[in-house]
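FYI, in the numbering used here the residues of the sequence shown are 1 to 423. Just so it is clear, CB atoms sit at the ideal spot from N, CA and C, and this is done for glycine as well. All values reported here derive from a predicted model rather than from experimental measurement.
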Amino acid sequence: MTDSVPPALIAAVDESRQWSRLMGMAMLGAIPGEGVNRAALTPLDRQARRLLVAWAEELGLAVSVDEIGNLFLRHEGTEPGAAPVLAGSHMDSQPSGGRFDGIWGVLAALEAVQAIREAGLSTRRPIEVVAWTNEEGGRFAPGCMGSMAWAGYRPAGTWDDVTDAAGITFRAALDAHLEAEADILRRPLGPAGTPPFAYVEAHIEQGPRLEADLLDIGIVTAIQGSRWFVVDITGESSHAGTTPLFLRRDAVQDMVRAINALNALTHDPLDVLRFTVGRVEAHPNTSNSVAGRVRFSIDLRHPDAAVLREKGDAIESTIKDALCFCTAVVTETFHAMPTAFQPVVPDAVERAAAAVGARALRMPSGAFHDAQFLVPVCPSGMIFVPSRGGVSHHPSEYSSPEQLATGAKVLAATLFDLANREA
Ligand code: GLV
Ligand code: MN
Ligand code: MN
1 MTDSVPPALI
11 AAVDESRQWS
21 RLMGMAMLGA
31 IPGEGVNRAA
41 LTPLDRQARR
51 LLVAWAEELG
61 LAVSVDEIGN
71 LFLRHEGTEP
81 GAAPVLAGSH
91 MDSQPSGGRF
101 DGIWGVLAAL
111 EAVQAIREAG
121 LSTRRPIEVV
131 AWTNEEGGRF
141 APGCMGSMAW
151 AGYRPAGTWD
161 DVTDAAGITF
171 RAALDAHLEA
181 EADILRRPLG
191 PAGTPPFAYV
201 EAHIEQGPRL
211 EADLLDIGIV
221 TAIQGSRWFV
231 VDITGESSHA
241 GTTPLFLRRD
251 AVQDMVRAIN
261 ALNALTHDPL
271 DVLRFTVGRV
281 EAHPNTSNSV
291 AGRVRFSIDL
301 RHPDAAVLRE
311 KGDAIESTIK
321 DALCFCTAVV
331 TETFHAMPTA
341 FQPVVPDAVE
351 RAAAAVGARA
361 LRMPSGAFHD
371 AQFLVPVCPS
381 GMIFVPSRGG
391 VSHHPSEYSS
401 PEQLATGAKV
411 LAATLFDLAN
421 REA
C-alpha cells in the first residue's frame, strides 16, 4: 500500500538522469523545431532500442523480444513464478512528432525500476518494462500492432501485407528488424498462460486539461474509441489544360465532395465526436494533370461505442452518395472500442499520487494507447503528466523535467505497491 511508500524509493527517482536519457533518445531521429521522426522498425528505432537495452543491461535487467518485436526488460521478483507487473509504452514517433509521446513512458518505467533497485528494495513480483511495437501507425497503419498482437486482439500476421510509403511490407520490415535483434533472447508472444498481475502506462497527457487546472497527474479512467478507414477514390487522369469539365473524372474534386459530406455526417455541436482526414495522396500528383486517383485516411473517435458504431458504419454510404464522377472503396483498418479501466490500477495511482504529494485528477484519454488492448488481459491503467499548451503529435510537444520526474515518482510508487501485492 502506498501509505507505506519508502521515502528512499521516491528519493531514488533521478530527475536529471531521466531527462538526459530522454534528450539522448530525442537525438535519434531529431528534426527541426526540437521534434522527432523515429518511425517503427527503422534503423533509428533499432538504435533507440539498443540504447535502452544498454541501460537495462547495465542495471542487470533481463532483455527479451517477441515475434512482433515487443521488447521486454525484466526486474526479477523475490517470489518465483509470481505474475509480473508490466509497465511501459512505445518508442516509435509520429513523422513530425515530439520528444515525449511514448518514449517517456518506457523511460519512466526504467527509471522506476532503477529507483526500486538503487533504493535497495525488492518486490515480490517481477516488474517487466515493455516497449510495444508500432503504436503510432505513422509508417504502417494502424497503430498499436504490438499490443494488439500480444493481447490476442488480432493475430500477429494480420498486418503482413500492409505497406509503408516506399512499398515495404510490414512483414519485410519486421523480419529485417528481428534479424537485427537476433542476439536478443526470443520469448513467446503474449501472456503465455500467466496473465500479468497489472499493466501501468505512463504518458504525456497530449491535451490541455492538467496544465489548465494546475495539476501534476492525470489518473486515467477510460479511453475513447477509435475507428480508422482508408478511402480509395478512382477517376481518370487527364490533361489539366485541355480536358473540358464534362469529360473529367477528377478524383480530387470528388474527394472534396466526400469530405464535405463526412463533415456534415460527423458534425457534433458538443465537439465530442472527432473526425480527421490527416493523410491525402493524389496520383499522379502533378500540377497540370487531373488527379485520377486519391487515397485518404479517416480517423473517427467517440467515447460512446454506439455513436462510434453508428457514425462509422455510415461512412461508406456517405462517401458513395457524395461522389459525382468517380468510384470509391472504403476499407476499415482499425476499430478500438471505448475502454474503461477497472479500479485496481487507477486506485493504486491515486494513492501513489497522494503519497508523493502530487495534485491529481481522474480523467479520460482522448488519445488511444497500448493500455486499452491490455484491459481484457489484466487490470490496466495510465498515469498522465501535463503537456504544455496541450500540444502533441508536433515537434513543440513539451513537459518539463520536474513534471516528468513527478510522473516517474508516482509510477515508481504505483509499481512498488502492485508488485508487492499478494493478490
Ligand atoms: C495515438 O497516437 C493517437 O493517435 O491517439
Ligand atoms: Mn503515445
Ligand atoms: Mn502518439
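Relative to ligand 2, is the shortest distance from any of its heavy atoms to the C-beta of residue i smaller than 6 angstroms?
{"i": "G102", "result": "yes"}
Does the distance between the C-beta of residue i and the nearest non-hydrogen atom of ligand 3 fall short of 6 angstroms?
{"i": "E201", "result": "no"}
{"i": "E397", "result": "no"}
{"i": "E136", "result": "yes"}
Hey, could you find the ends of the beta strand (DSSP E) residue i is sitting in?
{"i": "G218", "result": "I217 to I223"}
{"i": "L71", "result": "L71 to H75"}
{"i": "E332", "result": "T327 to A336"}
{"i": "T276", "result": "R274 to T276"}
{"i": "V63", "result": "A62 to V65"}
{"i": "A82", "result": "No beta strand (DSSP E) holds A82; DSSP gives it neither H nor E."}
{"i": "D299", "result": "R293 to H302"}
Please check if any C-beta of chain C sits within less than 7 angstroms of the C-beta of residue i.
{"i": "G235", "result": "Of the chains in the structure shown, none is chain C; there is only one protein chain."}
So, using beta-carbon positions, are residue i and residue j closer together than 7 angstroms?
{"i": "E128", "j": "R74", "result": "yes"}
{"i": "R187", "j": "S89", "result": "no"}
{"i": "W228", "j": "G190", "result": "no"}
{"i": "H203", "j": "L41", "result": "no"}
{"i": "L28", "j": "R38", "result": "yes"}
{"i": "V427", "j": "A353", "result": "Past the boundaries of the shown model lies residue 427; the chain is included only from 1 to 423, so the question cannot be answered."}
{"i": "A56", "j": "M25", "result": "no"}
{"i": "G235", "j": "C326", "result": "yes"}
{"i": "V385", "j": "Q403", "result": "yes"}
{"i": "S297", "j": "R309", "result": "no"}
{"i": "G407", "j": "I383", "result": "yes"}
{"i": "V294", "j": "I233", "result": "yes"}
{"i": "E15", "j": "A405", "result": "yes"}
What residue does the alpha helix (DSSP H) around residue i start on, and which one ends it?
{"i": "H177", "result": "F170 to A180"}
{"i": "V307", "result": "A305 to D313"}
{"i": "W132", "result": "Note, W132: premise wrong, no alpha helix (DSSP H); beta strand (DSSP E) at I127 to W132."}
{"i": "G105", "result": "I103 to E118"}
{"i": "A12", "result": "P7 to A12"}
{"i": "E135", "result": "Element bounds for E135: n/a, residue is neither H nor E."}
At a threshold of 6 angstroms, does residue i count as lining ligand 1 (C-beta to nearest heavy atom)?
{"i": "A367", "result": "yes"}
- Query: Counting Cβ pairs closer than 8 angstroms, one from the stretch 67-82 and one from the stretch 128-139, do we hit at least three?
  - Reply: yes
- Query: Are the stretch 271-280 and the stretch 212-223 touching by the rule of at least three beta carbon pairs closer than 8 angstroms?
  - Reply: no
- Task: Would you check if there are 3 or more beta carbon pairs closer than 8 angstroms linking the stretch 316-328 to the stretch 254-263?
- Result: yes
- Does the stretch 192-207 come within contact of the stretch 367-385, defined as at least 3 CB pairs closer than 8 angstroms? yes
- Query: Looking at C-beta atoms only, is the number of pairs between the stretch 237-253 and the stretch 379-399 that lie closer than 8 angstroms three or more?
  - Reply: no
- Message: Tell me whether the stretch 294-305 and the stretch 205-214 touch, counting them as touching only if at least three CB pairs, one residue from each stretch, are closer than 8 angstroms.
- Response: no
- Message: For the pair the stretch 47-56 and the stretch 163-172, tell me if three or more CB-CB distances fall below 8 angstroms.
- Response: no
- Taking the runs of the alpha helix (DSSP H) that are 4 residues or longer, which of them lie wholly in the stretch 341-414? 344-356 and 371-374
- Any chance you could list the beta strand (DSSP E) runs of at least 3 consecutive residues sitting entirely within the stretch 249-291, in chain order? 274-276 and 280-283
- Query: Do the stretch 244-253 and the stretch 333-353 meet, that is, are 3 or more Cβ pairs less than 8 angstroms apart?
  - Reply: no
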